[in-house]
Amino acid sequence: MRQGLSKGLYIRGKQCPKSLWLHKFKPELKDEVSERQKAAFGAGTEVGELACNLFPGGVMVPFKGLSIAEQVTRTRQAIANGEDTIYEASFEHDGIFVKVDILRQSGEAWDIYEVKGSTEVKPVHMDDVALQAYVLRNAGLDVGKVNLVHLNNKYCRRGNIDPHELFSIADLTKGALEKQEEVAYEVRRLRDMLTGDMPEVGIGRQCSSPYDCDFQGYCWQDVPEDSVFELNGRGIDPFAYYHRGMRRLEDLPLADLNRRQRLQVELHLSKGERINAAEIANFLEDLWYPLVHLDFETFMAPIPLFDNSRPYQQVPFQYSLHIQQAQNSSIEHREYLARPGVDPRPGLIEGLLREIPQDACVLTYNMAFEKGRLKELAKDFPDHAEGLNGILSRVRDLIVPFRKRHAYRWQQRGSSSIKKVLPAFVPGLSYKGMPIADGGMAMAAYHLMCAERDPGKLAEIRENLLAYCKLDTEAMVQLLEQLYELSQV
Ligand code: SF4
Numbered sequence: 001m002r003q004g005l006s007k008g009l010y011i012r013g014k015q016c017p018k019s020l021w022l023h024k025f026k027p028e029l030k031d032e033v034s035e036r037q038k039a040a041f042g043a044g045t046e047v048g049e050l051a052c053n054l055f056p057g058g059v060m061v062p063f064k065g066l067s068i069a070e071q072v073t074r075t076r077q078a079i080a081n082g083e084d085t086i087y088e089a090s091f092e093h094d095g096i097f098v099k100v101d102i103l104r105q106s107g108e109a110w111d112i113y114e115v116k117g118s119t120e121v122k123p124v125h126m127d128d129v130a131l132q133a134y135v136l137r138n139a140g141l142d143v144g145k146v147n148l149v150h151l152n153n154k155y156c157r158r159g160n161i162d163p164h165e166l167f168s169i170a171d172l173t174k175g176a177l178e179k180q181e182e183v184a185y186e187v188r189r190l191r192d193m194l195t196g197d198m199p200e201v202g203i204g205r206q207c208s209s210p211y212d213c214d215f216q217g218y219c220w221q222d223v224p225e226d227s228v229f230e231l232n233g234r235g236i237d238p239f240a241y242y243h244r245g246m247r248r249l250e251d252l253p254l255a256d257l258n259r260r261q262r263l264q265v266e267l268h269l270s271k272g273e274r275i276n277a278a279e280i281a282n283f284l285e286d287l288w289y290p291l292v293h294l295d296f297e298t299f300m301a302p303i304p305l306f307d308n309s310r311p312y313q314q315v316p317f318q319y320s321l322h323i324q325q326a327q328n329s330s331i332e333h334r335e336y337l338a339r340p341g342v343d344p345r346p347g348l349i350e351g352l353l354r355e356i357p358q359d360a361c362v363l364t365y366n367m368a369f370e371k372g373r374l375k376e377l378a379k380d381f382p383d384h385a386e387g388l389n390g391i392l393s394r395v396r397d398l399i400v401p402f403r404k405r406h407a408y409r410w411q412q413r414g415s416s417s418i419k420k421v422l423p424a425f426v427p428g429l430s431y432k433g434m435p436i437a438d439g440g441m442a443m444a445a446y447h448l449m450c451a452e453r454d455p456g457k458l459a460e461i462r463e464n465l466l467a468y469c470k471l472d473t474e475a476m477v478q479l480l481e482q483l484y485e486l487s488q489v
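Written out as structure tokens, the structure is:
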């Protein structure tokens, strides 16, 4: 039986034929959809709807409640009725069904506008629009321009969203037309593949590029703990070793590794550590008191939610501070979590400027992130630039001794991330079991909080967010204490 294809299935098959085969014949093996992925789908829909405002007054061909044949007929009727703008225009050729986000008449021809929530054109987008052009042309439509509508990351919101400023339009006509033969070939190849048994495809870079495949739970189930994929740093291809049967760190030839990778493998095998007390002491000498441990949580949105923000800008909505006046003095905790639905930054800035002592050393973990946010806050809220730049100039980075391997334990698994360093140096403190256990989950929780109306659920989300951010700075407090101890060894 000839298998039907759609744009999504074509792209899936091009990424990995096995993924398409599994999707068709073993869909029950798919991974569960995470809250983060659900949020991304929702954001994509919102971007698509907003892009329709670039060409208002069109007619929509809905997906819900209509069969493929009905959607195609509705589109034909809209064209026959003289409509010049059709949203979700639907076409079918040779069992391949596509929906065009925006189809717009231009003279005798019809221009395709495919809408993406990205801020640039990616190679996979060319395959996407090439397939659309292939189906429309073969369905008898005179295709004019083939365009990709994507977000303009330079756009800064001021008042109501202006779609003409928010979106950029890239003309991909030439590339899409050049790919027409390739599309015909790929369609045949995928159809042939679907007539056979599951193709043998080993795990590889295609599992997460261009998209995260949703069969990773199935295909990666035999990857052992301590696999070659734990190896940190560049220069070697872990897939090549894996497929040659060197699946664990211990299988890797040390001569192939760089200095840091060798250290990771050697200490993994010996379950050992490397501590350089003198270098740790040097690092500590650069700190002073009062000392404030600072951590931000941020959200990103493709369509800027507030004035003075840009697509996908990391907007801080929460901070946690642990403040210590002297090395052995008691520690005070301060925190801020914005109310949902209001710009979190004015309240956050006010809190930071009020609570961080003017002469304090400001310690962060991986300072590029916090510094980036402070710089943006200073730029977007120039009235507070002086105070924020003052904080910025006093930021120091707790990751340094761990990243430089002055303090390294095998449990870090080659990583300097706080999530890996904490269990290695402070096993009593853990993110395990927390309802929010990483920055991505915190971001998803913020979006949930903004949509939630139930006071009980809202309170629960707030409590979880506060607990997570607090643990980040608590972890820093304890790691710093550990460094002081290790510097004495
Ligand atoms: S997990 Fe990788 S190998 Fe398995 S189907 Fe997906 S892309 Fe293909």
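Using UniProt numbering, read the sequence shown as starting at 1 and increasing by one per residue.
Beta carbons: idealized from backbone N, C-alpha and C, even for Gly.
These numbers come from a predicted model, not from an experiment.
Can you tell me whether residue i is buried or exposed? The criterion is at least 16 other CB atoms within 10 Å of its CB, across all chains shown.
i	result
methionine 443	buried
alanine 278	exposed
lysine 179	buried
arginine 188	exposed
glutamine 318	buried
methionine 441	buried
serine 329	exposed
methionine 449	buried
valine 342	exposed
Given this structure, state the Cα-to-Cα distance separating residue i from residue j, to the nearest angstrom.
i	j	result
proline 238	proline 253	12 angstroms
residue 508	serine 430	Any answer about residue 508 is impossible in this case: the structure gives the chain only from 1 up to 489.
asparagine 147	aspartate 307	29 angstroms
glycine 196	phenylalanine 25	11 angstroms
tyrosine 336	asparagine 366	20 angstroms
methionine 60	cysteine 16	32 angstroms
arginine 12	glycine 175	20 angstroms
glutamate 452	isoleucine 461	9 angstroms
glutamate 83	lysine 116	24 angstroms
methionine 476	lysine 271	24 angstroms
isoleucine 275	proline 401	10 angstroms
lysine 64	glutamate 88	11 angstroms
proline 56	arginine 334	48 angstroms
valine 315	arginine 373	7 angstroms
valine 201	alanine 40	28 angstroms
arginine 396	glutamine 327	16 angstroms
aspartate 101	arginine 394	49 angstroms
Should residue i be listed as close to ligand 1, given that the test is whether its C-beta is under 7 angstroms from any heavy atom?
i	result
phenylalanine 215	yes
lysine 18	yes
leucine 486	no
isoleucine 11	no
glutamine 37	no
glutamine 327	no
valine 201	yes
glutamine 15	yes
leucine 29	no
leucine 22	yes
glutamine 221	no
glutamine 206	yes
Taking DSSP as the reference, what is the three-state secondary structure of residue i?
i	result
isoleucine 11	helix
lysine 116	coil
tyrosine 233	Before going on, a small fix: residue 233 reads as glycine here, not tyrosine. DSSP places glycine 233 in coil when its eight states are reduced to three.
lysine 99	strand
aspartate 251	helix
alanine 360	coil
isoleucine 169	strand
histidine 333	strand
glycine 196	coil
glycine 175	helix
asparagine 147	strand
phenylalanine 55	coil
valine 124	helix
histidine 322	strand
proline 27	helix
phenylalanine 381	coil
aspartate 472	helix
valine 33	coil
arginine 396	strand
serine 19	helix
phenylalanine 63	coil
valine 292	strand
Below 8 angstroms, how does it come out for the region 250-267 and the region 292-312: are there three or more Cβ pairs, yes or no? Segments in contact, no.
Within 8 angstroms, do at least three Cβ pairs link the region 346-354 to the region 387-398? Under the 8 angstroms Cβ criterion, the region 387-398 counts as touching the region 346-354, having at least three qualifying pairs.
Three or more beta-carbon pairs under 8 angstroms between the region 395-406 and the region 322-338, yes or no? Cβ pair count under 8 angstroms is below three, so no.
Stretch-stretch touch, CB-based, cutoff 8 angstroms, three pairs: the region 461-469 with the region 280-288: The region 461-469, when compared against the region 280-288, does not touch it at the 8 angstroms Cβ threshold.
Quick check: the region 122-130 against the region 151-164, are at least 3 beta-carbon pairs closer than 8 angstroms? The region 151-164, when compared against the region 122-130, does not touch it at the 8 angstroms Cβ threshold.
Would the region 59-73 and the region 35-51 be scored as touching if the rule is three or more Cβ pairs under 8 angstroms? The count of Cβ pairs closer than 8 angstroms, one atom from the region 59-73 and one from the region 35-51, stays below three, leaving the stretches out of contact.
If contact is defined by three or more beta carbon pairs under 8 angstroms, each pair taking one atom from either stretch, is the region 91-104 in contact with the region 130-144? The region 130-144 is in contact with the region 91-104.
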